[in-house]
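Chemist: Can you read through this structure? Questions will come right after.
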Amino acid sequence: MAGIDEIPAMPYPDMQSERFAPGAPKAAGLFVAESPMAQRGRKPGFVMSDEHRTKIANSQILKALVEHVEGKREMSASQVSAGLGLLRKVMPDLTAVEMSGEVAVTNDVSEKPLSEQEWAEQQSAFPH
Numbered sequence: 000m001a002g003i004d005e006i007p008a009m010p011y012p013d014m015q016s017e018r019f020a021p022g023a024p025k026a027a028g029l030f031v032a033e034s035p036m037a038q039r040g041r042k043p044g045f046v047m048s049d050e051h052r053t054k055i056a057n058s059q060i061l062k063a064l065v066e067h068v069e070g071k072r073e074m075s076a077s078q079v080s081a082g083l084g085l086l087r088k089v090m091p092d093l094t095a096v097e098m099s100g101e102v103a104v105t106n107d108v109s110e111k112p113l114s115e116q117e118w119a120e121q122q123s124a125f126p127h
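Counting in numbering that gives the first Met the number 0, the sequence shown runs from 0 upward without gaps.
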């Protein structure tokens, strides 16, 4: 087995610079990252709530169905049906929303008809 002195340098010498890991050992072309990105993951004792887990699962179902529609994922008819059934349980059914309230419409009719120019000016004031 080769000793540390016999191991070739990294293919990118710039990676051994202080810019990547200040004060890190450079033996065998390795370095230790001291950036915040190196501290990934959750802290010990972290517990994700069941509600959050459910939201993640639902988003994965929706993502799979969208990918199927876009042609990026192959799904059988039963998988699509099951996915739609699960989504119906967690997403609001917008067809069941009932609007209520009063709508008041007033039409004002003038005694004197408008000329063509007055009518055109009045109509141009409204965005189409």
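The beta carbon of each residue, even a glycine, is placed where N, CA and C say it ideally should be. All of these numbers come straight from a predicted model, not from anything done at the bench.
In chain order, what residues of the same chain lie with their CB nearer than 7 Å to the CB of HIS67, ignoring the 5 residues before and after it?
Modeler: MET74 and VAL79
Chemist: Span of the alpha helix (DSSP H) holding THR53?
Modeler: 49-68
Chemist: Can you round the beta-carbon distance between GLY82 and ALA95 to whole angstroms, since I take them to be within the 8 Å contact cut?
Modeler: Contact doesn't hold; Cβ gap of about 20 Å is too wide.
Chemist: Are the Cβ atoms of ILE55 and LEU85 separated by less than 9 Å?
Modeler: no
Chemist: Does DSSP classify LEU86 as helix, strand or coil?
Modeler: helix
Chemist: Would you report the Cα separation of THR105 and GLN116, rounded to the nearest angstrom?
Modeler: 24 Å
Chemist: In angstroms with no decimal places, state the Cα-to-Cα distance between PRO112 and ALA103.
Modeler: 24 Å
Chemist: What first and last residue would you give for the alpha helix (DSSP H) that runs through SER123?
Modeler: Here the alpha helix (DSSP H) through SER123 covers 115-123.
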